[in-house]
Structures are given as structure tokens and as C-alpha cells.
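See below for the structure under consideration.
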Amino acid sequence: MPEPITIRVKRFNPETDAESYWQDYTFEPPSEDSTLLDCINHIKWFIDGTLTYRMSCRSAICGSCAMRVNGGGQLVCNSQYRDHLDKENTITVEPAGNMPVIKDLVTDATGFWEKIRAVDPYVKTDAAREAEGEHFMSPEDFSMIDDASTCIMCGACYSECTSYEIDKNFLGPAALAKAQRIVHDTRDETQEQRLTQLSEYGGMWDCAHCFACVQACPKPVNPLYRIVDLRNEAHKQGHHDNNGSRHARGFVDIVEESGWLDEAKLPLKSVGSLKEFVTDLLPMGVRMGLKNKFRPNPMHLLPGRHHPPVPKMNEVTKIIEKTRAAAEPKDKE
Amino acid sequence: MIEHDVIIVGAGLAGQSAALAAIAGGAKDVAILSKVHPVRSHSGAAQGGIAASLGNADEDSVEMHDYDTVKGGDFLSDQDASLILTESAPETVYALEHMGVVFSRTDDGKIAQRPFGGHSSPRACFAADRTGHAILHGLFEQIVKHDVKIYSEWYMLSLIVHDNRCHGIVVMNIDTGEIEAIKAKTVMFGTGGYGRIFLTTTNAFASTGDGAIISYRAGIPLEDTEFMQFHPTGLYRHGILASEGARGEGAYLINGKGERFMERYAAGMMELAPRDIVSRAEQTEIDEGRGGEEDGDAVYLDLRHLGKDKIMERLPQIWQLSRDFQGIDMIHEPIPIQPTAHYSMGGVPTNVDGEVVYDEAENVLAGYYAAGECACVSTHGANRLGTNSLLEACVYGDRSGRSIAKYLSGGYEDKPASPQVFSDAVAQAKERAERVRAMDGPETLGDIRNDLKEAMTHKCGVYRSEEPLAELVGELRDFRGRYERAHISDRTRRFNTEFLEAVELDHMIELAEVMAAGALERQESRGGHSRRDFPTRDDEKFLKHTLAHRTEDGTPDLTYKPVKIIRHEPVERKY
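Heads up: the protein sequence lines correspond to chains A and B, in order.
For the first sequence, the working numbering begins at 7 and goes up steadily by one.
For the second sequence, the working numbering begins at 43 and goes up steadily by one.
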């Protein structure tokens with residue numbers, strides 16, 4: 007028999023509890039190679055029937071059982087309990103983050119589904135193209151949508167997304183991955199419109215590159231990489247007139263000047279208009295100045311370099327040139 | 043009271059296809075209800091493909107697909123249904139492709155196709171090894187596009203049948219625990235199968251046969267439930283599906299001694315014989331001591347010779363599953379597998395328009411439709427071929443939806459039931475719910491469920507015979523008693539999953555009773571029903587469909603109806 011373990015569960019029943027509390031279950035797992043879900047099921051079926059959670063397929067395809075294990079969002083069905091034990095033979099399980107809790111480990115995913123719906127998650131094809139037989143799609147084109155189309159909509163990425171946490175206007179990882187799949191689907195005929203919408207506030211440029219979604223994702227979706235695919239496509243098609251794009255290009259320009267990232271200069275590169283500078287950036291700059299977070303330098307408003315270059319600046323220039331060349335479409339080389 | 047023109051229960055391939063077809067046919071007020079969110083439906087777990095004679099990989103025809111299906115079904119398939127299935131396949135796959143479903147491609151950009159068990163041509167269209175997932179999500183995209191009303195995480199408790207007509211369902215909103223009726227002009231079931239009554243199964247925990255039993259309790263018989271398909275390659279002890287697509291791509295089956303044992307059972311098609319034949323071969327190897335692993339209860343799926351590139355391109359999901367659940371890298375090692383309960387050929391009897399029929403003469407119960415695994419139309423006969431289930435769910439889901447639209451627009455006779463009918467149905471469901479919530483006996487649900495699965499697996503599994511089956515029928519009556527003495531600890535109303543599990547167990551016990559009764563009476567071996575004491579097919583006595591009717595005391599009464607033989611006379615089945 008396997009050694010006893012403790013699963014510490016964050017519990018809450020809306021009918022009986024004013025607030026959530028921790029409960030420890032100590033027991034012998036069903037077998038050495040039990041999954042974490044097997045252990046949670048063992049609690050429900052043989053120790054405490056009131057423990058409440060979602061699960062169905064137990065093979066990482068239905069997406070029901072996303073929750074937080076030892077502080078990180080993931081499915082509980084696709085790994086063995088042994089992989090999660092801490093030094094005290096304990097595993098901590100709590101509901102997925104960034105969503106209201108309904109009961110114990112069950113969360114209300116309404117917000118998540120609203121984000122999915124917000125990207126018009128379906129291929130828009132002109133009816134005239136619906137000729138006989140299939141649309142042709144090369145294996146290369148298929149490979150562009152292969153990873154994103156493995157998404158099971160479990161929501162583990164939203165549980166951990168640091169941008170979604172502070173701004174619920176952000177579309178979030180899974181919705182952007184879905185958008186990437188449609189944008190790169192050769193059957194969709196609305197890429198232009200989609201890329202414009204996705205470049206707006208709350209879209210592809212609001213991801214902070216923290217990689218939490220990549221770590222949480224149980225499938226090969228890797229939402230952050232799909233967001234990068236979207237950004238590359240947007241740039242390739244000339245979607246430059248937005249703060250996100252200006253921010254990304256400004257970042258490179260600044261580094262190209264001196265090898266330094268002059269962070270005070272970056273916001274200036276990102277804003278799109280004088281109005282935005284006056285109504286948005288200036289008041290924030292003043293507030294930051296008053297709190298000594300930022301020393302204004304009028305020189306920043308002038309073009310050109312404000313830092314002496316880093317030592318070996320020529321190496322930085324080489325890296326940038328090489329990267330630029332690699333990013334160019336192949337046929338233009 | 044909630045009212046809809048169309049309420050569809052179950053949101054897998056059949057349910058979603060029906061909803062879309064009903065809308066396309068002009069139905070205005072369509073709603074889908076499911077105990078899980080639509081994309082959590084078990085259709086998503088299907089891996090290997092969907093069959094259609096597109097001819098993208100080799101020469102193929104509807105006639106070949108049709109014959110393969112009937113022969114695969116051991117000639118119990120109704121041949122009107124199998125012909126519609128196979129004729130509709132190409133247009134169905136193209137329709138899915140047009141709506142945006144992702145498919146793997148050939149080098150020239152067509153839908154890729156691969157071989158599958160029992161099919162004489164490579165006709166499985168696929169999206170790597172997640173075809174069900176690709177179609178399920180593709181259909182859901184359309185459900186979102188059409189803004190179809192979804193009752194997600196609502197549980198059906200009963201079907202309202204009155205005056206030979208279906209009037210709606212009684213449901214529980216799982217979130218609130220409240221019970222109410224949904225009045226509907228038409229009700230469609232796409233509620234899935236019941237593999238969960240076996241110990242080792244590929245099926246999701248949700249596959250408890252609720253729809254089939256709710257229909258049965260409303261007075262509609264169940265057809266051919268004794269035909270249970272055991273999939274040859276469930277991951278050993280876990281039961282998780284390892285797609286037949288693996289063998290379609292060329293994988294071998296080997297026993298504990300490393301022999302490709304299929305030579306002894308189906309020298310022609312080898313590993314790609316139909317599933318019933320392969321599963322029996324595996325079970326025979328295991329029973330005769332040539333199995334592997336500690337207890338000798340496994341054989342192996344060997345993919346090593348396919349190479350890393352092919353495995354990672356065509357079978358990435360099962361590579362991952364085997365690594366995560368078994369700790370094995372199939373690129374370098376064979377993976378232990380075993381026959382695993384997979385698919386219910388039987389179910390709610392319907393005609394080829396998806397209308398539910400309630401007797402031997404196939405009279406239609408007005409306003410009630412069913413398709414997919416919960417239904418029995420019967421294209422699959424005694425054994426379904428791989429990739430025909432996704433096809434059947436889409437084709438017959440679609441046909442049900444069309445029938446519904448036609449019924450609604452065709453000046454049907456609207457005879458709504460009195461309010462009393464609905465309030466009685468709700469009162470009955472509430473009384474049942476209170477009884478379940480108050481269960482306070484010494485038995486645990488977990489023990490009863492495990493014992494039930496154990497009994498079904500050992501006495502009604504791959505091989506069956508008279509004595510164990512007769513014993514089982516008696517035992518199952520005891521299970522009903524044990525259930526009455528069970529205990530439930532969550533007595534609250536909101537999101538009470540223990541309550542749901544208790545109700546599901548009630549359904550599972552009754553399904554087991556129906557299946558065991560059918561298996562005991564059918565004294566022959568055909569497709570997914572294999573009797574050691576009657577090892578051959580007996581067309582004289584049993585070329586007929588079983589119909590189990592619920593009697594007053596809850597036990598099944600069996601009658602039979604003829605098989606529709608149209609083009610293909612039964613012959614001996616050789617592969």
C-alpha cells in the first residue's frame with residue numbers, strides 16, 4: 007500500500023459557510039500510480055461525499071477539472087499525485103483563480119466564456135467559396151493552426167494570467183489562442199478586420215509575457231506563443247497604428263540607439279496622439295514625479311540618443327540586424 | 043415554466059448537430075441542455091477519425107463503406123439505416139469542413155484519410171488523434187455563432203410523456219438545485235452511452251446512460267443493449283483510450299511473449315480486424331496465459347517501428363497520455379493495453395428520421411427524437427466499426443434536427459398537455475430528489491458502484507455464459523436493495539454532485555439489469571455479444587433486435603423485432 011498522504015482542500019459551501027476554510031484529508035491513496043484526480047475521487051467516494059468539484063473524462067480532453075494545485079492552475083487528471091507531494095507529504099488544492107467560487111473547487115466560468123465569445127470564435131467564409139468538396143489547405147497552413155486547435159477550454163490559463171488578474175477587459179490567453187487559430191485559418195476571410203480589433207485595448211498587446219499561461223496549459227496550445235503569432239501577423243500586415251505596436255517597435259528603436267532600454271522614453275513612443283499624451287501620460291508622469299518614481303527630463307521629448315551607448319554597442323547592433331533579417335518574410339530575402 | 047419549441051438534451055456531436063439542423067430548417071426556438079458544458083461532452087474524447095468514402099487516399103465507394111458497416115455489425119445492422127449513414131458521409135464531412143472543423147491534410151491540401159479496423163479502404167478522416175475534439179469544438183463554434191440558448195450544467199430527471207406524445211422534461215439547475223419542468227413541442231436526446239457500468243472503460247464519468255434509462259422509465263423500450271463494444275486498446279488498468287488510429291497508422295499488437303498474435307485470429311486484416319474480434323483475441327491470449335504485466339492481464343500495442351516523426355505528427359495525444367498516465371514513451375517501448383468497455387451499440391430505438399419508435403411495429407412517439415450513442419437506429423448492428431460513431435452522431439443528429447424542423451413547420455397537431463401533467467411530473471421528481479437527499483443507510487455509494495462494475499465486468503464482459511449471467515440477474519436485484527440502503531452526506535442544494543452521482547448510480551443499476559437480461563436471453567455469439575456456451579451466430583433464432591420493456595415491478599420484459607435486410611444477405615464473417 008502507498009504511504010498516507012494529506013490533501014489540503016480549500017472549501018466553501020455557499021449554503022452553510024460565511025467564508026472559505028482549509029480542510030485536511032489524510033489517507034492512503036488507491037495505488038502507487040494514482041492520479042491526483044483518483045485521490046480526490048477517493049476522498050469523495052469513501053471519506054467525505056460533500057467535497058465538490060468538476061471532472062468527467064479523466065484523460066485531459068474534456069477540460070472540466072482545472073484547479074489550483076500547490077498554487078498553480080492545472081488539470082488534476084493528467085498527473086500522478088506523487089509529482090505534487092511536498093516535504094510533509096501534502097498537496098494543496100484550491101479553486102481556479104480569477105473566477106468567483108460557487109462551491110469548494112467549482113468556479114463560475116461565465117467570464118471566461120464571455121471572452122471566448124468576444125473573439126467571434128468561428129470561421130467566417132464567403133458562401134460562394136462553399137463549392138463542392140473540401141477547401142484546400144496545405145499541411146503547412148494546417149501546422150499554423152494545429153497547436154491552437156488543441157485547446158480544451160479548461161480555463162487553467164485564466165486562473166494564472168497576471169494581465170487578466172488586474173484588468174478584466176483583457177481578452178486573455180485562451181480567447182487569443184482561439185483568435186490566432188481563426189486568423190491563421192485559410193478558410194476565414196476576415197483576417198484584416200480581426201487583426202484590427204485584436205490590436206485594440208484588451209487584445210493581443212495587453213499580454214505581459216509572464217509565461218504563466220504556458221506553464222498552466224495542459225495541451226500544446228502555449229497561449230503566449232499564439233499571442234506572439236498574432237503580433238507577428240499584425241505587424242506583417244501593417245497594423246502599426248496602435249499603442250501596442252508602437253510600444254513593441256519603440257522598444258527596439260530605443261535599444262538600437264544606445265543598447266539601453268530607456269524606460270522613461272518608452273511611453274512616449276507608445277502613445278498615438280498629443281491628446282493621449284496630455285490626458286493620459288502627462289498626469290501619470292506628474293503623479294509618478296510627485297512620488298519620486300520618475301525624474302522628468304525634457305530632453306526625452308527631443309529625438310535622438312539620451313544615454314551614452316553601452317560598451318560593445320556594435321554587438322547589440324549586430325544582434326538587432328540579425329533578428330530583423332530573420333523576421334523578414336523568406337521570399338523577400 | 044420554461045418553454046421552448048425544441049429542447050435538446052445532451053450537447054455532444056448528436057445534440058449539437060440536431061440543434062444546427064433544426065435552426066437551418068427554420069426552427070426558431072431551439073435550446074440545448076446538458077449536465078456538463080457542451081465542450082465537456084464525451085464526443086470530444088473520440089480520437090481516430092470519422093468515416094467517409096471521399097477516396098482521398100485510395101479508391102473507395104459508398105457501396106464498400108455500406109457493406110463494411112453491415113458486415114462489421116455481424117449482419118444485425120438495419121440496412122436502410124446503414125445505407126443512409128454511408129451515403130450521407132461525404133457531404134457530412136464536407137459540411138463540417140466548410141463550417142471550420144480542423145482536419146489533417148494530404149500533401150495536396152485535401153482531407154487526409156487513414157485505414158481503420160474493418161474498413162476495406164482508408165476512409166477515416168481525422169484531425170491528428172483528436173478528431174472528436176475537433177468536431178465538437180467546431181460544432182460549438184456554430185452554436186455560439188447562432189447564439190443558441192444553452193442550459194449548461196442542468197440535469198434531466200425525467201421525460202414527460204402523456205397521451206402518446208412527448209411534452210417536455212423535468213430538470214434540475216445544478217447550480218441552484220431547483221427542479222422545474224421545461225415544456226417543449228419537441229424533445230431530442232443525444233445523451234450518450236453507458237460504459238461506466240464496467241470496471242475498465244474509455245468512457246467519461248458522465249457516461250452513465252441517464253437518457254437511455256429516463257426514456258425507458260417513460261415507457262419506451264431499449265433496443266439491443268446486450269451489444270457492448272470492448273475497445274481493444276484501452277490503456278492497461280486506466281482504460282483511457284489509445285486510438286485505433288495507432289493501428290491504422292501501422293502499430294502492432296503483441297502478447298506477453300512478443301508474438302503478433304492476430305495472425306491466429308484474423309490473418310487477413312490482422313490488427314485492423316473489427317474491434318469485437320480483436321478484443322476477443324486479446325482476451326483469449328490473456329485467458330490462456332500469454333498476457334503480460336504482473337498479473338498477466340495485459341497485451342501490448344507496439345508503435346516503435348512507426349518512428350518518432352509519425353507518432354508525433356499523427357498520434358501526439360496518445361503519446362502524451364501514455365507518458366502521463368503510464369510513464370512510458372511509446373517511441374521506445376510497447377504500451378500495455380487491455381479490452382476496455384467503449385461503446386453501446388444499443389439504446390433508444392429510432393427510425394431513420396431520428397423519431398423514437400416505441401414498439402415492434404415501429405410506431406412513432408410524437409415529438410420525441412434521439413440520435414448518437416444513446417440511440418439505436420441501428421446502423422452499427424452487433425458491433426460498430428471505428429470512425430462510424432462520429433459519423434452516426436453527425437448524420438443522425440442532423441436528420442433528427444431536420445425532422446424536428448419539418449414537424450414544427452408541417453402543421454402538426456399541437457395537443458399541449460394540461461398544467462396538471464407538468465405539475466405532477468415536477469412533484470414526482472421533487473419527491474424522488476428529497477428521497478435521495480435523505481438517504482441515510484449503512485451502504486456507501488462508492489462501494490455499491492464498484493461492486494456493480496465488478497459484477498458486470500466479470501459476468502457480462504467480453505465473454506459471457508449462462509451461469510454467470512443468471513447469477514448476475516439475481517445479484518442486480520440485490521443491488522437495487524443495497525441502493526435503497528445507501529448513504530448520502532451532502533444534503534445541501536447548490537451544486538450537489540453527490541446527489542447527481544446517486545441518481546446516476548440508480549440509472550446505472552437499471553441499465554445493468556436490462557443489459558444482463560438481454561445477454562442471458564440471446565443464446566448465440568454475434569458481434570459485441572459473445573457467449574462461450576453458444577460460440578456461433580444463430581441467424582435462425584437470433585437474427586432479430588431485442589426490445590426490453592419496463593414492467594410494473596421494474597424488471598425488463600423482452601420482445602424482438604426483425605432486422606431490415608435489404609441488399610446484403612448474412613454470410614459468415616471472415617477477416
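Backbone N, C-alpha and C define an ideal beta-carbon position, used for all residues, glycine too.
Would you mind telling me which residues of chain B sit closer than 8 Å to V129 (chain A), beta carbon to beta carbon, in chain order?
Taking the beta carbon of V129 (chain A) as reference, the chain B residues within 8 Å of it are M141, G142, E183, listed in sequence order.
Given a threshold of 16 other Cβ atoms within 10 Å of its Cβ, counted over all protein chains shown, does P604 (chain B) qualify as buried or as exposed?
It counts as exposed.
Quick check on DSSP: helix, strand or coil for K130 (chain A)?
Coil at K130 (chain A), not helix or strand.
Give me the DSSP bridge partner(s) of D30 (chain A).
Bridge partners of D30 (chain A) according to DSSP: A:R14.
So which of B:S130, B:L511, B:R365 has the shortest CA-CA distance to I92 (chain B)?
Of all alpha-carbon atoms in B:S130, B:L511, B:R365, the one lying nearest the alpha-carbon of I92 (chain B) is that of B:S130.
Neighbouring residues, chain A, relative to K299 (chain B) (Cβ below 9 Å):
Correct list: empty, because the minimum Cβ distance to chain A is about 25 Å.
Can you give me, in chain order, the residues of the region 14-33 of chain A that have a beta carbon less than 7 Å from any beta carbon in chain B?
Going along the region 14-33 of chain A in chain order, one finds N19, P20, E21, T22 with a Cβ nearer than 7 Å to chain B.
Taking T78 (chain B) as the query, report the chain A residues whose CB atoms sit under 9 Å from its CB, ordered along the chain.
For the sequence presented, residue 78 (chain B) should be read as Val rather than Thr. Going along chain A in sequence order, the residues near V78 (chain B) (Cβ under 9 Å) are R60, S62, C68, S70.
Would you kindly check if the distance between the Cβ of M230 (chain B) and the Cβ of Y411 (chain B) is under 7 Å?
In contact: Y411 (chain B) and M230 (chain B) (Cβ atoms closer than 7 Å).
What does DSSP give as the partner residue(s) for F272 (chain B) in the beta ladder?
The bridge partners DSSP lists for F272 (chain B) are B:A383.
Can you tell me whether W196 (chain B) is buried or exposed? The criterion is at least 16 other CB atoms within 10 Å of its CB, across all chains shown.
So W196 (chain B) ends up on the buried side.
Near D27 (chain B), which residues of its chain fall below 6 Å by C-beta distance, leaving aside the five closest residues on each side in sequence?
Coverage of chain B is limited to positions 43 through 617, which leaves residue 27 (chain B) absent and any answer about it impossible.
Nearest-angstrom Cα separation, counted from L125 (chain B) out to R165 (chain B):
When only Cα atoms are considered, R165 (chain B) and L125 (chain B) end up about 16 Å apart.
P304 (chain A) versus A270 (chain A) - alpha carbon distance:
For P304 (chain A) and A270 (chain A), the distance between alpha carbons rounds to 11 Å.
Bridge partner(s) assigned by DSSP for L343 (chain B)
B:L295, B:I377, per the DSSP bridge assignment.
Got a sec? Which residues, its chain only, sit under 6 Å from Y207 (chain A) by beta carbon, not counting five neighbours each side?
Residues of the same chain with a CB within less than 6 Å of the CB of Y207 (chain A), apart from the 5 flanking positions on each side, do not exist.
Based on the DSSP output, what are the partners of G78 (chain A) in its beta bridges?
Among the bridge pairs identified by DSSP, G78 (chain A) is matched with A:V75.
Below 9 Å on C-beta distance, what does H141 (chain A) contact in chain B?
Chain-order list of chain B residues neighbouring H141 (chain A): E139, H140, G151, by C-beta distance under 9 Å.
Is it buried or exposed, S451 (chain B), if we count other Cβ atoms within 10 angstroms and call 16 or more buried?
S451 (chain B) comes out exposed.
Spatial neighbours of E563 (chain B) within its chain, please: CB distance less than 6 Å, with the 5 preceding and 5 following residues excluded, ordered by chain position.
Contacts found: L600.
Measuring alpha carbon to alpha carbon, tell me which of B:H374, B:M43, B:G114, B:F158 ends up nearest A99 (chain B).
Measuring from the Cα of A99 (chain B), the nearest candidate turns out to be B:F158.
Applying the 10 Å Cβ sphere with the 16-neighbour rule, what's the burial state of E415 (chain B)?
Classification of E415 (chain B): buried, given that the 10 Å Cβ count is 16 or more.
Ignore the nearest five residues each way along the sequence and tell me which others in V81 (chain B)'s own chain have a CB closer than 7 Å to its CB.
The beta carbon of V81 (chain B) lies closer than 7 Å to those of L178, H179, F182 in the same chain, with the five residues before and after it left out.
Please return the same chain residues whose Cβ sits closer than 7 Å to the Cβ of C219 (chain A), not counting the five positions on each side in sequence.
Excluding residues within five positions, the ones whose Cβ falls inside 7 Å are C163, E166, C167, P179, P229, L230.
Provide the residue(s) that pair with V112 (chain A) in DSSP beta bridges, ordered along the chain.
For V112 (chain A), the pairing in a beta bridge is given by DSSP as A:K109.
How close, in whole Å, do the beta carbons of F272 (chain B) and G569 (chain B) come, if the pair is a contact with beta carbons under 8 Å?
The distance from the Cβ of F272 (chain B) to that of G569 (chain B) is about 11 Å, inconsistent with a contact at the 8 Å cut-off.
I211 (chain B) (DSSP reduced to helix, strand or coil):
It is a strand residue.
Beta strand (DSSP E) segment containing R592 (chain B), residue limits
DSSP places R592 (chain B) in the uninterrupted beta strand (DSSP E) bounded by 586-592.
Under 7 Å from the C-beta of F148 (chain A): neighbouring residues of chain B
Simply S146, R147.
Which residues in chain A have a C-beta closer than 7 Å to the C-beta of V186 (chain B)? List them in chain order.
Correct list: R123, P127, Y128.
Of the residues B:M557, B:Y136, B:H571, B:E566, which one's Cα is nearest the Cα of Y258 (chain B)?
Relative to the Cα of Y258 (chain B), the nearest Cα in the group B:M557, B:Y136, B:H571, B:E566 belongs to B:M557.
According to the neighbour-count rule (16 or more other Cβ atoms, all chains shown, within 10 Å of its Cβ), is A331 (chain A) buried or exposed?
A331 (chain A) should be labelled exposed.
Quick one: what's M198 (chain B) bridged to in DSSP?
Paired residue(s): B:V213.
Below 6 Å CB to CB, which residues in the same chain sit around Q186 (chain A) once its five sequence neighbours on both sides are set aside?
Around Q186 (chain A): A154, R232, D235, L236.
Name the DSSP bridge partner or partners of R156 (chain B)?
Its beta-bridge partners are B:A166.
Quick one: what does DSSP say F231 (chain B) is sitting in, helix, strand or coil?
Looking at F231 (chain B) - three-state DSSP - the assignment turns out to be strand.
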